[in-house]
Each structure stands twice: as C-alpha cells, then as structure tokens.
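Quick note on numbering that gives the first Met the number 0: the sequence shown kicks off at 0 and runs consecutively. Here is the structure we will look at, set down as structure tokens.
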Amino acid sequence: MGQSHVFVTKGSLTNFACDAWLLPTDRTYSIAAHWRAAVPGLQDALIEDAGFASGAMLAQPIHTWPADEPLPVLTAVPYSGISSVDELIPPLREFICVAADTARRRRSEASREQSRPVPLLAMPLFGTGGGGAGLVKGDVIRLLLEETRSAAAEAGVDVVLVLANEKDFALAQELRKRQPEWWASLDREHQTEAARLAGHARDGKLVPFMGAGVSMSAGAPSWTELLSALAKTAKLTDSETESLKKRGHLDQASILRSIYEERAERGALTFNEAIARLVELKRYGLTPALLASLGSREAITLNYDELFEFASDDAGVPRSVIPDGAGQHDDWLLKLHGSVTDPDSIVLTRDDYLGFSTSRNALSALVKATLMTQHLLFVGFGLTDDHFHEILHDVKQALPKESRTGEGSATALMLSTDPLDPRMWSNQLKLVPMSDDSRKEFNNSSGRTLEIFLDLLVALSTDSHSYLLAEGYEGALTEAERSLREALLDLGKRLTEDEAHSSGGVRLQEMLAELGASAPSS
0 MGQSHVFVTK GSLTNFACDA WLLPTDRTYS IAAHWRAAVP GLQDALIEDA GFASGAMLAQ
60 PIHTWPADEP LPVLTAVPYS GISSVDELIP PLREFICVAA DTARRRRSEA SREQSRPVPL
120 LAMPLFGTGG GGAGLVKGDV IRLLLEETRS AAAEAGVDVV LVLANEKDFA LAQELRKRQP
180 EWWASLDREH QTEAARLAGH ARDGKLVPFM GAGVSMSAGA PSWTELLSAL AKTAKLTDSE
240 TESLKKRGHL DQASILRSIY EERAERGALT FNEAIARLVE LKRYGLTPAL LASLGSREAI
300 TLNYDELFEF ASDDAGVPRS VIPDGAGQHD DWLLKLHGSV TDPDSIVLTR DDYLGFSTSR
360 NALSALVKAT LMTQHLLFVG FGLTDDHFHE ILHDVKQALP KESRTGEGSA TALMLSTDPL
420 DPRMWSNQLK LVPMSDDSRK EFNNSSGRTL EIFLDLLVAL STDSHSYLLA EGYEGALTEA
480 ERSLREALLD LGKRLTEDEA HSSGGVRLQE MLAELGASAP SS
C-alpha cells in the first residue's frame with residue numbers, strides 16, 4: 000500500500016475532521032469573512048510573522064491552535080492576483096510540506112492513539128475565490144490534482160480536496176477517472192468490486208448501511224472503546240472492570256446501566272445521556288463524507304451520532320431522519336438504534352435489543368417497500384458484531400427465497416478476512432475484505448484501504464457532466480468535449496421562440512441546463 004493518496008469528496012472544509020487544513024489568505028493576512036465566521040477564535044489566534052508578510056514564507060501554521068482541533072495553515076495566494084494558474088504551485092506545495100511536518104509533530108506530542116497510519120490534510124479549491132482564478136476553474140482543478148498528488152507522495156501524507164460545488168466535484172472525478180493509476184494502490188479485485196458497486200449506485204440502487212466503524216474516521220469510539228469509557232465514568236473498581244471485559248458487549252452494557260442507576264448522583268448524567276456525550280461529535284471524517292457523496296437516496300445506520308447527517312447536508316443532499324424527521328426531505332436516513340438528539344431512544348443493552356420491535360418493524364417495512372430492488376452496502380461492521388447478525392437476519396426474512404442465492408442483495412466491506420466466512424455468508428451477501436489479515440480487531444492500515452476503496456467507488460459512481468457547458472471549465476476539457484460543447488451551445492442559441500416553448504424545446508433546454516448551460520436571457 001502506498002503511503003499517499005489524494006481523495007475528492009463533497010463537503011465543508013470547516014466541518015471536516017483532519018490533521019491540518021489549508022486556510023487561504025495573502026501576505027497581509029486578509030481572510031475572507033466566511034472563514035472567520037465558520038471558525039471561532041480564528042482572528043484572535045493570528046500571530047503575524049515577518050517572513051510571511053514579506054512573501055518569503057508562503058505557508059504558516061497557527062501554532063497556538065488547540066491540539067485536538069484540525070490545524071489551520073495560512074497559505075498565501077499571490078498578492079497582486081493570479082495571471083497564470085502555475086502561480087498556485089509554490090504556495091500549494093509549501094502548504095503540503097509545512098502541514099505534513101507540523102501534523103507529524105502534533106501527532107507525536109498527542110497522547111491519544113491515531114486512527115490513520117499517515118496524516119490527512121484537507122484543502123478547498125485553492126485560488127478560485129479571492130485568488131482570482133475563478134474564471135479558469137477547469138485549469139485550476141486539473142493543476143491542483145496533479146500537483147497535490149505529486150507533493151503528497153513526496154511528503155508521505157494523504158490529502159482530501161473538499162468541494163462544495165457540484166460542477167467542481169464532477170469535473171475533478173472525471174479528470175481522475177481518465178487516469179486509473181490514481182487508485183494503483185488497490186489490487187485488481189478491489190477495483191473490480193468497486194466498479195460492480197458503482198453500477199448499482201449509478202442505477203440508483205445502492206443503499207449504504209452504516210455501523211460504528213464509519214464514524215471512527217472522525218474519532219468516534221468503537222463499541223469496545225465506548226463501553227470502556229462508560230465503565231471509567233461509572234468508576235468501577237479494578238476487579239469489576241476485569242470481570243466486565245469477560246462478557247459480551249450487550250451484557251456489558253446491561254451491567255453498566257444498572258451500575259449507573261445504582262450510583263447515580265443528583266444532577267448526574269443518565270446512562271443514555273453519558274452515551275450521547277461520548278459519541279456526539281461535530282466534525283465528520285472521510286468515510287461519512289465519501290458515503291454522503293455517493294448520492295444514494297436512502298441510507299440506514301446503527302450509529303447514534305449525526306456525522307452522516309452533517310456530511311449529507313454539506314454534500315447538498317439533506318435527509319429526513321426516520322423516525323424523527325420524516326417528510327422534511329425526499330432523501331432519508333433510517334436510524335435504527337436511536338440518536339444523540341434523543342438520548343432515551345438509544346439502543347445498547349440486551350434489554351434494549353429485545354424491546355426495539357418498533358425499529359425492527361420499520362426496517363422490515365422499508366426493506367419490503369423500497370429495498371427489494373436495491374443493493375445494501377454494509378460499511379463499518381465486523382462479522383462478529385451481534386448487531387450485524389441481527390440486521391442480516393431481518394433482511395433475509397424480508398427478502399423472497401429466490402433472492403437468497405448468487406451474489407445476493409447485499410455487499411459487506413470488511414477490514415479483515417477469514418477462510419470460513421464465505422461458508423457462513425455466501426448466500427446472503429458478498430464479502431469484500433480490505434486485506435488478507437485475519438485479525439478481527441480494527442487496524443488502521445485496512446481502515447485506510449477502505450477509504451481509498453470508497454474514494455474509487457464514489458468516482459466511478461459520479462456520472463454528472465454539469466461542468467460541460469458551464470463557464471470557466473473549458474481549459475480541462477478534451478478536444479472532443481470542446482467541440483461537443485460548442486455544438487450544444489450553438490444549438491441552444493439557434494432555437495426560435497416557438498421552438499424553445501415547444502415541449503421538445505423545453506426538454507432540450509432542461510438537458511442543456513443539466514450540462515451547465517446558463518439560463519437563456521429573456
């Protein structure tokens with residue numbers, strides 16, 4: 000596995016969990032209002048450096064930034080504006096070099112264990128805002144991808160390009176798909192599986208089903224870590240802690256609930272409130288962002304946190320949360336085991352599982368109504384996970400017998416493998432392990448492979464060409480695309496008023512708009 004990769008995802012940079020991120024500015028420390036509004040304390044944390052102010056230094060970390068927060072790295076665009084996109088190369092490369100070194104130092108000083116084997120840097124579409132290159136976005140996107148890939152390899156880090164604009168995202172994915180070596184670190188089997196799943200996604204039939212591992216990319220605890228944290232908060236004795244570890248997760252949770260109830264102090268958090276406090280994160284990681292970028296209309300999760308909801312909002316696909324917010328949006332997320340927004344709804348103990356028939360009925364109804372023709376994609380589960388087994392049982396019972404053979408109606412992306420697993424699951428789901436490692440516990444190398452797999456899946460699933468007729472993207476088009484662009488734009492201009500208002504003319508203009516054409520002037 001190579002030690003650098005450049006990801007592309009939809010999202011909001013200030014809501015992204017990473018080691019460090021590129022904050023655009025200039026040598027006068029001019030920072031756009033939307034950055035200052037989105038990042039509390041940013042203005043007060045600025046300490047001017049003579050080297051940065053003179054232009055001798057192009058990237059400056061904010062060294063006073065809290066150690067548990069993604070580090071902003073001030074990166075200077077050319078002070079007098081951009082006359083050539085190549086002028087973005089020096090600040091971009093310096094950002095990656097400086098951010099990589101600073102991120103490694105901060106990691107070594109941190110007491111917590113890191114979930115990724117290499118630092119993750121995040122950046123926006125640098126240079127197209129105040130930098131002045133917005134009119135040549137296509138050239139900027141192409142240059143950023145090429146230079147970021149090269150610089151990331153030299154620095155030994157991963158970089159994610161976080162994009163809010165659909166046209167930018169679509170073009171970035173198209174440019175990467177033209178060069179399959181972007182995903183050379185994945186073996187042929189992984190690439191074949193990603194292509195198979197992308198086919199389901201393009202057909203609108205891929206439904207992500209998310210477990211605890213999805214949120215771990217943002218620092219959320221695994222089930223084992225969550226129970227350990229609850230045990231610590233409950234102030235168990237050493238002997239109680241050792242005895243607790245010998246039991247299954249469901250029984251551990253039941254015991255901890257009883258201890259919380261017995262030892263509760265006035266005003267203290269309840270058991271469910273303590274759970275919500277431990278998993279309530281505000282920044283999503285790569286995995287939720289990539290899954291949100293798939294564009295699936297439906298999604299299901301066992302997680303209590305709101306990370307996928309946040310990522311979906313930032314990706315431009317806000318979701319109704321079932322059962323709480325049904326009907327608000329066309330796309331939906333079913334939260335089977337409750338949410339931090341309502342701690343009493345959280346399902347964790349054995350008694351909780353035996354009593355959540357309402358959620359089981361919701362799953363069964365949704366499977367029968369909408370998932371019969373869909374393909375479930377399980378992400379973030381382990382094959383020893385009790386939750387995983389229970390859900391698969393429900394899905395299997397809801398599907399007709401003739402659909403329980405062959406490839407099945409589901410795929411599970413697993414971190415490890417076991418030679419006996421296919422015998423147990425072959426007629427129910429396709430297993431796609433991220434490594435040949437037989438260890439059942441999480442290992443961050445396989446977790447990173449999963450992220451790269453999802454990155455390829457998202458790229459192959461993206462079939463939008465909304466940039467083709469839009470202004471500013473021509474520089475990244477092939478000769479054939481430029482010719483097609485001119486022909487389509489000319490066709491739109493040559494429509495007579497009667498032709499434009501005919502049913503066929505209206506549909507034609509809708510298609511041109513989908514390809515990025517501006518609305519015709521009235």
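Don't be surprised by glycine CBs; every beta carbon is placed ideally from N, CA and C. The structure presented is a predicted model; accordingly, all values stated were derived computationally and were not measured.
### Task
Express the C-alpha separation of Glu192 and Gly294 in angstroms, rounding to a whole number.
If you number the sequence shown from 1, residue 294 lands on position 295. If you number the sequence shown from 1, residue 192 lands on position 193. Straight-line Cα distance between these residues: approximately 18 Å.
### Message
Below 8 Å on the Cβ atoms is my contact criterion, and I expect Gly379 with Val213 to pass it. Report the Cβ-Cβ distance as a whole number of Å.
### Response
Counting from one through the sequence shown, the residue named residue 379 turns up at place 380. Counting from one through the sequence shown, the residue named residue 213 turns up at place 214. The Cβ separation is near 4 Å, so the contact holds.
### Task
List the residues that DSSP assigns as beta-bridge partners of Gln59.
Within the sequence shown, the letter at position 60 stands for residue 59. BP columns for Gln59 point to Leu73.
### Query
Where Leu162 and Ile140 are concerned, what is the direct C-alpha to C-alpha distance, given to the nearest angstrom?
Position 163 of the sequence shown, counting from 1, holds the residue named residue 162. Position 141 of the sequence shown, counting from 1, holds the residue named residue 140. Approximately 11 Å between the Cα atoms of the pair.
### Message
What does the alpha-carbon distance come out to for the pair Pro287 and Leu376?
### Response
Position 288 of the sequence shown, counting from 1, holds the residue named residue 287. Position 377 of the sequence shown, counting from 1, holds the residue named residue 376. In a straight line, the C-alpha of Pro287 is about 13 Å away from that of Leu376.
### Query
What number of angstroms, rounded off, separates the C-alpha of Met0 from the C-alpha of Gly504?
Mapped onto the sequence shown, residue 0 falls at position 1. Mapped onto the sequence shown, residue 504 falls at position 505. Note that Met0 has pLDDT 42, beneath the 50 cutoff, so the model's placement of it is unreliable and the number below is only indicative. Going from the Cα of Met0 to the Cα of Gly504 covers about 51 Å.
### Task
Rank Asp454, Leu488, Gly446 and Arg484 by C-alpha distance to the C-alpha of Gln113 and give the top, closest one.
Counted from its first residue, the sequence shown places residue 113 at position 114. For the residues Asp454, Leu488, Gly446 and Arg484, the minimum Cα distance to Gln113 belongs to Gly446.
### Stretch pair the stretch 310-322 + the stretch 3-19: three plus CB contacts closer than 8 Å
yes
### Message
Does the contact criterion of 3 or more C-beta pairs under 8 Å hold for the stretch 175-191 versus the stretch 454-473?
### Response
yes
### Query
Distance, Cα to Cα, Asp489 vs Ala150?
The count along the sequence shown starts at 1 and reaches residue 489 at position 490. The count along the sequence shown starts at 1 and reaches residue 150 at position 151. Approximately 41 Å between the Cα atoms of the pair.
### Query
Quick check: the stretch 58-78 against the stretch 89-106, are there 3 or more CB pairs under 8 Å?
yes
### Query
Around the C-beta of Arg246, are 16 or more other C-beta atoms found within 10 angstroms, so that it is buried, or is it exposed?
On the sequence shown, position 247 is the one that residue 246 refers to. By the neighbour-count rule (16 or more Cβ atoms within 10 Å), Arg246 is not buried but exposed.
### Message
Any contact between the stretch 234-241 and the stretch 321-340? By contact I mean 3 or more CB pairs, one from each, below 8 Å.
### Response
no
### Message
Less than 8 Å between the C-beta atoms of Ala44 and Thr63, yes or no?
### Response
Numbered from its first residue, the sequence shown carries residue 44 at position 45. Numbered from its first residue, the sequence shown carries residue 63 at position 64. Cβ atoms of Ala44 and Thr63: closer than 8 Å.
### Message
Between which two residues does the alpha helix (DSSP H) holding Phe208 run?
### Response
The sequence position of residue 208 within the sequence shown is 209, counting from 1. Per DSSP, Phe208 belongs to no alpha helix (DSSP H); it is in the beta strand (DSSP E), Leu205 to Met209.
### Task
Could you have a look at His199 and say whether DSSP puts it in helix, strand or coil?
One-based indexing of the sequence shown puts residue 199 at position 200. Three-state DSSP puts His199 in a helix.
### Message
Please return the same chain residues whose Cβ sits closer than 6 Å to the Cβ of Gln251, not counting the five positions on each side in sequence.
### Response
As a first step, residue 251 is located in the sequence shown; it is residue number 252 there, counting from the start. The residues are Leu226 and Leu243.
### Task
Could you tell me which of His464, Ser434 and Ile321 sits nearest to Glu450, measuring between CA atoms?
Residue numbering aside, residue 450 sits at position 451 when the sequence shown is read from its first letter. Ranking the options by Cα distance to Glu450, first place goes to Ser434.
### Query
So what does Lys429 bridge to, in DSSP terms?
Position 430 of the sequence shown, counted from the first residue, corresponds to residue 429. Note: Lys429 sits in a beta bridge opposite Thr410.
### Residues of its chain near Gln508, where Cβ-Cβ distance is below 6 Å and the 5 sequence neighbours each way are ignored
Working through the sequence shown from its first residue, we reach residue 508 at position 509. For Gln508, where only same-chain residues beyond five positions count, there are no Cβ hits under 6 Å.
### Message
For Gly405 and Glu498, I'd like the C-alpha separation in whole angstroms.
### Response
The count along the sequence shown starts at 1 and reaches residue 405 at position 406. The count along the sequence shown starts at 1 and reaches residue 498 at position 499. Unreliable positioning characterises Gly405 in this predicted model, as indicated by a pLDDT of 48, which lies under 50. The coordinate reading is nonetheless provided below. Near 50 Å, if we compare the C-alpha coordinates of Glu498 and Gly405.
### Message
Buried or exposed, going by whether 16 or more other CB atoms sit within 10 Å of the CB of Leu196?
### Response
Taking the sequence shown and counting its residues from 1, the one referred to as residue 196 is at position 197. Flag for Leu196 reads buried.
#### Entry: Validate contact between the stretch 254-273 and the stretch 340-347 using beta carbons, cut 8 Å, 3 pairs
yes
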